[in-house]
Structures are given as structure tokens and as C-alpha cells.
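Novice: Each residue of the sequence shown is one higher than the last, beginning at 3 in this note's numbering. Got a structure here, written out as C-alpha cells. Questions coming.
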Amino acid sequence: MFPGRVNPKKMKQMMKQMGMEMEQLEGVERIVITTAKGDWVFDAADVVRMTMQGASTYQISGEARFVPSIPAIPEGDVELVREQTGASEEAVRAALEGTGGDIAEAILRLSKQ
3 MFPGRVNPKK
13 MKQMMKQMGM
23 EMEQLEGVER
33 IVITTAKGDW
43 VFDAADVVRM
53 TMQGASTYQI
63 SGEARFVPSI
73 PAIPEGDVEL
83 VREQTGASEE
93 AVRAALEGTG
103 GDIAEAILRL
113 SKQ
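Right, dumping it as C-alpha cells:
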């Protein structure tokens, strides 16, 4: 779009003429993007806010790590699996967490032990 080298001052002037503003956000310590499967965590990131025609867009630069979410295990599920397998509550919770809350799979795993 811009052939050759463009002077940074000239680039800012052109962006301003197009109604585009960029701002580096200072002091960002952590960014967390939450999804159904887990969280993307940026412990150190550079963030730039771009505003054009009243709409803001944020650009994140940095290394992210994925932290999978642990499903909430209802007490009823724990009791059901305990009744079926006779396993301890700790073993049942571990099996349910390991299967993502799948009751049938947890029962099969505990029955094989």
C-alpha cells in the first residue's frame, strides 16, 4: 500500500487525515481471554488501541499460554458414580475431572481399577 520508506511523522499525519488514531496502552500487567475450553493468558504483552471512525480495535502482541478450564462437577454426579463404583469421593472427582464430566466414562475408568 505504501511503496518505499515512509517517514513515521508523515505516516502519523496520513493516519490522522483518515480519522485513524493509535495509542500504546501503558502499564498492562496481564490479559486474559476466556473461552469455553479455557483461558488464554498473556502475562506480559504490548497492547495498541486503534480507533477509526469511532470504533476501537485492540492489538495484543506477546506470548500466550493456554489454561484449560476445569468443569464444575455437580454433587449429584459424584454421588451417582460413587454408588455405581464404590470408589472414594476423591477418586470419583478425579475421574470426573479427567473425563470432562462424562459420567459413563468415569464409571468405566473406575470399574477397571
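Glycine residues also receive a C-beta, built at the ideal position from the N, C-alpha and C atoms.
What number of angstroms, rounded off, separates the C-alpha of glutamine 61 from the C-alpha of tryptophan 42?
Specialist: Distance between the alpha carbons of glutamine 61 and tryptophan 42 is about 15 Å.
Novice: What's the gap between the Cα of valine 50 and the Cα of glutamate 77?
Specialist: Valine 50 and glutamate 77: Cα-Cα distance of roughly 45 Å.
Novice: To the nearest angstrom, report how far apart arginine 7 and lysine 18 are at their CA atoms.
Specialist: Their backbone Cα atoms lie some 19 Å apart in a straight line.
Novice: At what residue ranges does the stretch 36-113 contain a whole run of the beta strand (DSSP E), taking only runs of 3 or more?
Specialist: For the stretch 36-113, whole beta strand (DSSP E) runs of length 3 or above, ordered along the chain, are 40-54, 57-70.
Novice: Cα-Cα, which of Lys14, Arg32, Ile33, Ile35 is closest to glutamate 25?
Specialist: Among Lys14, Arg32, Ile33, Ile35, the Cα nearest to that of glutamate 25 is on Lys14.
Novice: To the nearest angstrom, report how far apart serine 58 and lysine 11 are at their CA atoms.
Specialist: Distance between the alpha carbons of serine 58 and lysine 11: 22 Å.
Novice: Compare the beta carbon distance of proline 70 and glycine 103 with 7 Å and say whether it is the shorter of the two.
Specialist: No.
Novice: Under a three-way DSSP split, which group does alanine 24 fall into?
Specialist: Contrary to the premise, residue 24 reads as methionine rather than alanine in this sequence. DSSP places methionine 24 in strand when its eight states are reduced to three.
Novice: With distances taken Cα to Cα, identify the nearest neighbour of threonine 37 among Glu23, Asp45, Ser63, Phe68.
Specialist: When each option's Cα is compared against that of threonine 37, the closest is Phe68.
Novice: Please report the residue range of the alpha helix (DSSP H) in which glutamine 115 lies.
Specialist: It is not in any alpha helix (DSSP H) - glutamine 115 carries neither H nor E in the DSSP assignment.
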